[in-house]
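Peer 1: The structure follows.
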Amino acid sequence: MDSLIGRWNMEKGLCTGTDAMLKLQGINWVLRKGIGLASVCLDISIYKDEQQPDSDVTVVDALTIPTGGMGTTRERRVLDWSLVDHKDYLFGSNQHQTHWIYGERAAEGRALPEFELQTKVAKDQERVKKFMRGEILEDGKETAWELDEPVEGKHIWLHTFVRNLDSGWTAEQIWGFEVIDGKRYHTRRIVSANTKGECVLGRLVYSFLGRE
Numbered sequence: 097m098d099s100l101i102g103r104w105n106m107e108k109g110l111c112t113g114t115d116a117m118l119k120l121q122g123i124n125w126v127l128r129k130g131i132g133l134a135s136v137c138l139d140i141s142i143y144k145d146e147q148q149p150d151s152d153v154t155v156v157d158a159l160t161i162p163t164g165g166m167g168t169t170r171e172r173r174v175l176d177w178s179l180v181d182h183k184d185y186l187f188g189s190n191q192h193q194t195h196w197i198y199g200e201r202a203a204e205g206r207a208l209p210e211f212e213l214q215t216k217v218a219k220d221q222e223r224v225k226k227f228m229r230g231e232i233l234e235d236g237k238e239t240a241w242e243l244d245e246p247v248e249g250k251h252i253w254l255h256t257f258v259r260n261l262d263s264g265w266t267a268e269q270i271w272g273f274e275v276i277d278g279k280r281y282h283t284r285r286i287v288s289a290n291t292k293g294e295c296v297l298g299r300l301v302y303s304f305l306g307r308e
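Quick note: the sequence shown uses this note's numbering, first residue 97, plus one each step.
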């Protein structure tokens, strides 16, 4: 997943579900409006965890840089599925877990990530899982991942799960790459659910700007 390293621009015209997801997470209308108007860039770096020098644990460091006077946020994702505390001005106090997940190319030519869905939803569990695995879009249309070269015969995605400690909502993501209208993008498929099991599906889409 070294393809993640670099600067990315959020393609808001291709993203789906963002406002509904922020509303479910308790973000007020004024702030949602500001987020909707702002341009957003990501700076992503990947390195070995300096806090565990004797291990092979990887860290994905993502700095979110919005325009319009909104503050930057940094998320340090340790890829060993350990609980990591995080707090920022937008979402408050959270705990997140992250790891690499793997999948093999299926008989029909598609490769799908293998993972255990952490999100508890009141209904449509199968549809949610299919969306997160990259089999379908929210409307049920079939899709497929754009795959990097396999590592030891397996393809790699990133799986992360966040629980908000203030209001209890969760957000689960699968990071990978997809081709949309003939162009390759970094995408993040997301399901966010509240404590009632109500959920919103969405997809964030980023175009590559380059590496410094």
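Ideal Cβ placement from N, Cα and C applies to all residues, glycine included. Since this is a predicted model, take the numbers as computed values, not measurements.
Cα separation between residue 125 and residue 185?
Peer 2: Here residue 125 refers to the residue found at position 29 when the sequence shown is read from its first residue. Here residue 185 refers to the residue found at position 89 when the sequence shown is read from its first residue. The straight-line gap from Cα to Cα measures roughly 16 angstroms.
Peer 1: Going by DSSP, name the residue or residues bridged to residue 172.
Peer 2: By 1-based counting over the sequence shown, the position of residue 172 is 76. Residue 172 is bridged to 157.
Peer 1: Please give me, in chain order, every unbroken run of the alpha helix (DSSP H) with length at least 4 that falls completely inside the region 202-278.
Peer 2: 221-228
Peer 1: Is residue 216 near residue 113, with beta carbons less than 7 angstroms apart?
Peer 2: Here residue 216 refers to the residue found at position 120 of the sequence shown. Here residue 113 refers to the residue found at position 17 of the sequence shown. For residue 216 and residue 113, no; Cβs fall outside 7 angstroms.
Peer 1: Judging by CA-CA distance, which residue of 193, 222, 229, 174 is the nearest neighbour of residue 210?
Peer 2: By 1-based counting over the sequence shown, the position of residue 210 is 114. The shortest Cα separation from residue 210 among 193, 222, 229, 174 belongs to 229.
Peer 1: Express the C-alpha separation of residue 143 and residue 131 in angstroms, rounding to a whole number.
Peer 2: Counting from 1 along the sequence shown, the entry for residue 131 is found at position 35. Counting from 1 along the sequence shown, the entry for residue 143 is found at position 47. Roughly 29 angstroms between the two C-alpha positions.
Peer 1: For residue 306, I'd like the list of residues in its chain whose CB is within less than 7 angstroms of its CB, leaving aside the five on either flank, ordered along the chain.
Peer 2: The count along the sequence shown starts at 1 and reaches residue 306 at position 210. For residue 306, where only same-chain residues beyond five positions count, the Cβ hits under 7 angstroms are 102, 103.
Peer 1: Can you give me the C-alpha to C-alpha distance between residue 199 and residue 170, rounded to a whole angstrom?
Peer 2: The count along the sequence shown starts at 1 and reaches residue 199 at position 103. The count along the sequence shown starts at 1 and reaches residue 170 at position 74. When rounded, the distance between both Cα atoms is 29 angstroms.
Peer 1: What residue does the beta strand (DSSP E) around residue 179 start on, and which one ends it?
Peer 2: On the sequence shown, residue 179 is found 83 positions in, with the first residue counted as 1. Counting along the chain, residue 179 sits inside no beta strand (DSSP E), nor does DSSP assign it H or E at all.
Peer 1: With a Cβ-Cβ cutoff of 7 angstroms, do residue 121 and residue 265 count as a contact?
Peer 2: Here the question's residue 121 lines up with position 25 in the sequence shown. Here the question's residue 265 lines up with position 169 in the sequence shown. Closer than 7 angstroms, so yes.
Peer 1: At which residues does the beta strand (DSSP E) containing residue 139 begin and terminate?
Peer 2: Position 43 of the sequence shown, counted from the first residue, corresponds to residue 139. Boundaries of the beta strand (DSSP E) around residue 139: 136-144.
Peer 1: Are the beta-carbon atoms belonging to residue 287 and residue 274 less than 7 angstroms from one another?
Peer 2: Here residue 287 corresponds to residue number 191 of the sequence shown, with the count starting at 1. Here residue 274 corresponds to residue number 178 of the sequence shown, with the count starting at 1. No, these two residues do not count as a Cβ contact at 7 angstroms.
Peer 1: What do you reckon, are the CB atoms on residue 158 and residue 138 nearer than 7 angstroms?
Peer 2: As a working mapping, residue 158 is identified with position 62 in the sequence shown. As a working mapping, residue 138 is identified with position 42 in the sequence shown. Taking 7 angstroms as the cut-off, the beta carbon of residue 158 is found closer than this to the beta carbon of residue 138.
Peer 1: What distance in whole Å lies between the Cβ atoms of residue 160 and residue 173, which are believed to be in contact at a cut-off of 8 angstroms?
Peer 2: Working through the sequence shown from its first residue, we reach residue 173 at position 77. Working through the sequence shown from its first residue, we reach residue 160 at position 64. Contact between residue 173 and residue 160 fails: their C-beta atoms lie close to 13 angstroms from each other, not under 8 angstroms.
Peer 1: Please classify residue 177 as buried or exposed, where buried requires at least 16 other C-beta atoms within 10 Å of its C-beta.
Peer 2: Here the question's residue 177 lines up with position 81 in the sequence shown. Answer is exposed; the Cβ neighbour count stays below 16.
Peer 1: Which term fits residue 328, buried or exposed, when burial requires 16 or more other beta carbons within 10 angstroms of its beta carbon?
Peer 2: Because the chain spans 97 through 308 in this model, residue 328 falls outside it and cannot be assessed.
Peer 1: For residue 252 versus residue 106, is the C-beta spacing smaller than 7 angstroms?
Peer 2: For the purposes of this step, residue 252 is taken as residue 156 along the sequence shown, with counting starting at 1. For the purposes of this step, residue 106 is taken as residue 10 along the sequence shown, with counting starting at 1. Their beta carbons are not under 7 angstroms apart, which means residue 252 does not touch residue 106 by this criterion.
Peer 1: Would you list the one or two residues that DSSP bridges to residue 280?
Peer 2: In the sequence shown, counting from the first residue as 1, residue 280 sits at position 184. Partner(s): 275.
Peer 1: What residue range is occupied by the uninterrupted alpha helix (DSSP H) comprising residue 305?
Peer 2: Taking the first residue of the sequence shown as 1, we reach residue 305 at position 209. From DSSP, residue 305 is part of no alpha helix (DSSP H) but of the beta strand (DSSP E) over 295-306.
Peer 1: Per DSSP, which residues does residue 128 bridge with? Please list them.
Peer 2: Residue mapping note: residue 128 aligns to position 32 of the sequence shown, counting from 1. Residue 128 pairs with nothing; no bridge assigned.
Peer 1: Starting from the Cα of residue 188, find the closest Cα among 140, 300, 258, 295 and give me that residue.
Peer 2: Mapped onto the sequence shown, residue 188 falls at position 92. Comparing Cα-Cα distances from residue 188 to each of 140, 300, 258, 295, the minimum goes to 258.
Peer 1: What separation, rounded to the nearest whole angstrom, lies between the Cα atoms of residue 182 and residue 167?
Peer 2: Residue mapping note: residue 182 aligns to position 86 of the sequence shown, counting from 1. Residue mapping note: residue 167 aligns to position 71 of the sequence shown, counting from 1. Their backbone Cα atoms lie some 16 angstroms apart in a straight line.
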